[in-house]
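Notes follow the structure.
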Amino acid sequence: MTRFTARLTLVVGATFGSLLFMAAQPTQAATWHKGTPSNVRGTWKTKKLKVNTGSTSLTAYDQVTIGKTSLADYSYTGSSRVGIKGTSAKYATVGKYTYVIKVKIAKGVYGTLHVKKQSSKVLVIGNGTKNVNPAKYYKA
1 MTRFTARLTL VVGATFGSLL FMAAQPTQAA TWHKGTPSNV RGTWKTKKLK
51 VNTGSTSLTA YDQVTIGKTS LADYSYTGSS RVGIKGTSAK YATVGKYTYV
101 IKVKIAKGVY GTLHVKKQSS KVLVIGNGTK NVNPAKYYKA
């Protein structure tokens with residue numbers, strides 16, 4: 001083996017070895033911030049849906065209110081309201097205008113929402129960190 005071949009083999013081996021080492025490095029964990037992102041704060045509603053229950057017809061929609069450190073998510077059907085309110089919010093940025101927001105609902109109970117801002121008047125909100133059951137919400 002010539003000197004040139006030996007050096008070339010050494011350089012190529014070192015290059016591929018370093019590339020494999022760099023590729024195996026874990027990514028950094030998300031940075032959690034206190035509160036909620038200011039660009040998604042406010043009251044957001046889904047479009048109203050007409051629900052027929054036998055002889056009566058009801059209107060149903062979902063409403064999310066995002067405050068500085070709290071979040072309220074309520075479903076309205078006719079005149080009844082069901083939902084949750086969470087405090088001590090914190091969020092992590094997971095993409096461009098995409099956030100995971102965690103809130104404390106009760107002692108030891110936490111809720112997680114995946115929020116993506118599509119425009120100044122539209123949010124897509126899903127449950128959990130994987131954005132399960134996403135729905136479009138419009139600025140109220």
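For the sequence shown, the UniProt record's numbering begins at 1 and goes up steadily by one. Glycine is no exception: its CB is placed at the ideal position from the N, C-alpha and C atoms. Please read all numbers here as calculations on a predicted model, not as lab measurements.
On the DSSP bridge assignment, give the partners of residue i in chain order.
{"i": "A60", "result": "L49 and T77"}
{"i": "G126", "result": "H114"}
{"i": "T93", "result": "Y99"}
Would you say the beta carbon of residue i is closer than 6 angstroms to some non-hydrogen atom of the ligand ADP?
{"i": "A60", "result": "Within the structure as shown, the ligand ADP is missing, as the structure has no ligands at all."}
Which residues in the same chain have their Cβ closer than 6 angstroms to the Cβ of residue i, if we skip the five residues on either side of it in sequence?
{"i": "V82", "result": "S75"}
{"i": "Y61", "result": "K45, T46, K48 and Y76"}
{"i": "P73", "result": "Note on residue identity: the sequence assigns Asp, not Pro, to residue 73. Only V64, G83 and I84 meet the Cβ criterion."}
Assuming residue i contacts residue j under a Cβ cut-off of 8 angstroms, what Cβ separation, rounded to an integer in Å, is found between them?
{"i": "K107", "j": "T87", "result": "Not really, about 11 angstroms apart at Cβ, beyond 8 angstroms."}
{"i": "L71", "j": "T93", "result": "Rounded, the Cβ-Cβ distance is 17 angstroms, inconsistent with contact."}
Keeping to the same chain, check which residues put their C-beta closer than 7 angstroms to that of residue i; ignore five residues upstream and five downstream.
{"i": "M22", "result": "Low confidence applies here, because M22 scores a pLDDT of 44, under 50, leaving its location unreliable and the question unanswered by this model."}
{"i": "residue 173", "result": "In this structure the chain extends from 1 to 140, so residue 173 is not present and cannot be described."}
{"i": "N39", "result": "K117"}
Might you give, ordered along the chain, the residues of its own chain that have their beta carbon closer than 8 angstroms to the beta carbon of residue i, omitting 5 neighbours on each side?
{"i": "G42", "result": "T65, I66, K139 and A140"}
{"i": "K96", "result": "none"}
{"i": "N133", "result": "G126 and N127"}
{"i": "K121", "result": "Y138 and K139"}
{"i": "K34", "result": "T69, A89 and K90"}
{"i": "A135", "result": "T46, D62, V124, I125 and G126"}
*Would you call the segment 96-106 and the segment 29-47 touching, i.e. three or more CB-CB distances under 8 angstroms?*
yes
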